[in-house]
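Residue numbers (my numbering): 58 to 373. Glycine included, C-beta positions come from ideal geometry on N, C-alpha and C. A quick write-up on the structure given underneath.
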Amino acid sequence: MKILANDGISKRGIEDLEAAGFEVITTTVAQDQLENFINENKIIGLLVRSATQVRKDIIDNCPSLKLIGRGGVGMDNIDVAYAKEQGLHVINTPAASSESVAELVFAHLFGGVRFLYDANRNMPLEGDSKFKQLKKAYAGGSELRGKTLGVIGFGRIGRATAKIALGIGMKVIYSDPFIDKASVMVDFYDGQSVSFDFESVSKAELLQNADFISLHVPAQKDYVIGNDEFNIMKDGVGIVNAARGGVIDEVALVGALEEGKVSFAGLDVYESEPKPEIKILMHPQISLSPHIGAATDEAQDRIGSELASQIISLLK
Ligand SMILES: NC(=O)c1ccc[n+]([C@@H]2O[C@H](COP(=O)([O-])OP(=O)(O)OC[C@H]3O[C@@H](n4cnc5c(N)ncnc54)[C@H](O)[C@@H]3O)[C@@H](O)[C@H]2O)c1
């Protein structure tokens with residue numbers, strides 16, 4: 058029983074699968090060789106992240122395949138409905154990376170309010186010759202404590218982000234047209250926990266009241282944040298997108314940064330990924346990360362073991 062983890066899988070996932078009698082192949086097979094490889098090796102389970110495409114051709118031409126697994130959330134790279142119609146199991150691990158993404162949002166926020174994204178660019182260049190000027194340039198930071206975080210999309214990652222915000226003393230408001238009310242339990246290291254109850258507010262109310270905004274919606278047809286939305290935000294707002302490229306209109310974002318409406322943005326995802334626009338990459342008020350929200354050892358371990366346990370229960 059062979060499983061091909063074409064975009065990699067954590068050691069933990071491999072160990073769990075091997076202990077249950079599966080053989081795990083971690084070779085990265087090129088997209089155009091994939092069909093041959095699956096057929097020659099009689100692969101029954103194909104595990105991917107976001108790189109490998111699993112389209113109709115593979116589903117139709119690989120009769121040994123019984124399961125397609127996505128390590129992570131979005132399944133845009135898999136023809137899910139078609140695979141299910143053909144009787145294949147299609148699984149993913151939606152919850153495994155929520156905390157990691159939420160922590161990255163806060164990396165951008167904490168860095169944003171103290172200008173670290175820019176200080177880290179300029180200290181290596183001028184830190185020895187213009188220390189005092191840089192010290193002055195990056196003074197005037199602010200604290201997150203006591204400020205309002207507006208979370209757009211209150212699913213798994215939105216709530217995980219809210220938990221961190223609550224833990225550091227922020228007020229949280231959210232907007233989600235599909236979730237009217239929600240409770241969030243903040244757990245502390247010693248077993249104590251505190252529950253917070255929330256009600257969704259309209260997007261306009263959130264935009265008008267938030268000091269910082271973080272987006273946690275799935276891929277959408279239209280922008281969630283464009284010129285109209287920037288216009289009604291508080292002056293000097295900070296905004297983070299670790300959801301999907303295309304959720305924020307990047308042209309409108311650059312305009313809002315240049316007008317001073319937005320003080321900084323943190324981006325993990327880009328409209329033109331994997332080739333983000335140079336204007337975005339070079340912008341001094343944008344904190345950048347290359348789509349690494351889920352890329353922690355802990356999340357990858359959880360992804361691997363969640364995939365393994367689903368495969369074991371479906372295929373054994
Ligand atoms: N940066 C990364 O590496 C990374 C990793 C994992 C997930 N993600 C992305 O994070 C996003 C959220 O993931 P999740 O697991 O929390 O998903 P989820 O399905 O649990 O939550 C999404 C929420 O968004 C809400 N929503 C949908 N459309 C909305 C809209 N127009 N306005 C407000 N709310 C809306 C839904 O009702 C839902 O509650 C996804 O886009 C996912 O692809 C990014």
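Status (buried if at least 16 other CB within 10 Å, exposed otherwise) for residue i
i      : result
Pro234 : exposed
Thr84  : exposed
Phe245 : exposed
Glu75  : exposed
Met290 : buried
Leu104 : buried
Asp268 : buried
Arg127 : buried
Ser329 : exposed
Asp292 : exposed
Ala153 : buried
Gly350 : buried
Val251 : exposed
Gly306 : Strictly speaking, residue 306 in this sequence is Asp, with Gly absent from that position. Label assigned to Asp306: buried.
Ser186 : exposed
Phe253 : exposed
Residues near residue i by beta carbon distance below 7 Å, same chain, minus five either side
i      : result
Ser362 : Arg69, Gly70, Asp73
Leu371 : Leu124, His146
Residues of its chain near residue i, where Cβ-Cβ distance is below 8 Å and the 5 sequence neighbours each way are ignored
i      : result
Glu156 : Ala217, Glu355, Ala356
Ala159 : Ile214, Ala217, Thr218, Lys220, Ile221
Gly203 : Gly226, Met227, Lys228
Ile230 : Thr205, Leu206, Gly207, Val208, Phe255, Val258, Glu262, Leu263, Asn266, Ala267
Leu191 : Ala176, Asn179, Met180, Glu183, Gly184
Closest residue to residue i among the options (Cα-Cα distance)
i      : options                        : result
Glu142 : Met132, Ser154, Lys113         : Lys113
Tyr375 : Ser366, Gln342, Tyr139, Leu372 : The structure shown has nothing for residue 375, since the chain only spans 58 to 373.
Gly207 : Lys260, Gly224, Asn63          : Lys260
Glu334 : Gly302, Ala313, Gly317, Gly350 : Gly302
Pro151 : Asp268, Arg359, Ala239, Asp254 : Arg359
Pro331 : Ala62, His146, Ser320, Ser346  : Ser346
Val130 : Asp306, Glu80, Arg213, Asn266  : Arg213
Tyr174 : Leu145, Ser250, Leu324         : Leu324
Ala87  : Val81, Ile95, Glu80            : Ile95
Ser240 : Ile225, Asn266, Phe211         : Phe211
Ile82  : Asp64, Asp117, Glu286          : Asp64
Asn284 : Lys373, Ala309, Val304, Val274 : Ala309
Glu315 : Ile270, Tyr327, Lys336, Ile369 : Lys336
Gly197 : Ser344, Ser320, Val297         : Ser320
Phe79  : Lys59, Glu92, Asp89, Ser67     : Lys59
Heavy atom of ligand 1 within 7 Å of residue i beta-carbon
i      : result
Arg127 : no
Val326 : yes
His146 : no
Pro333 : no
Pro347 : no
His340 : no
Ile209 : yes
Ile101 : no
His273 : yes
Gln265 : no
Ile230 : no
Asp233 : yes
Ser259 : no
Rounded Cβ spacing between residue i and residue j (contact assumed at less than 8 Å)
i      : j      : result
Ile101 : Leu122 : 7 Å
Glu92  : Ile115 : 6 Å
Beta-carbon proximity list for residue i, same chain, < 6 Å, skipping 5 on both sides
i      : result
Ala276 : Arg301
Ala164 : none
Ala299 : Val158, Leu161, Val162, Asp325, Gly350
Leu61  : Ile82, Ile100, Leu103
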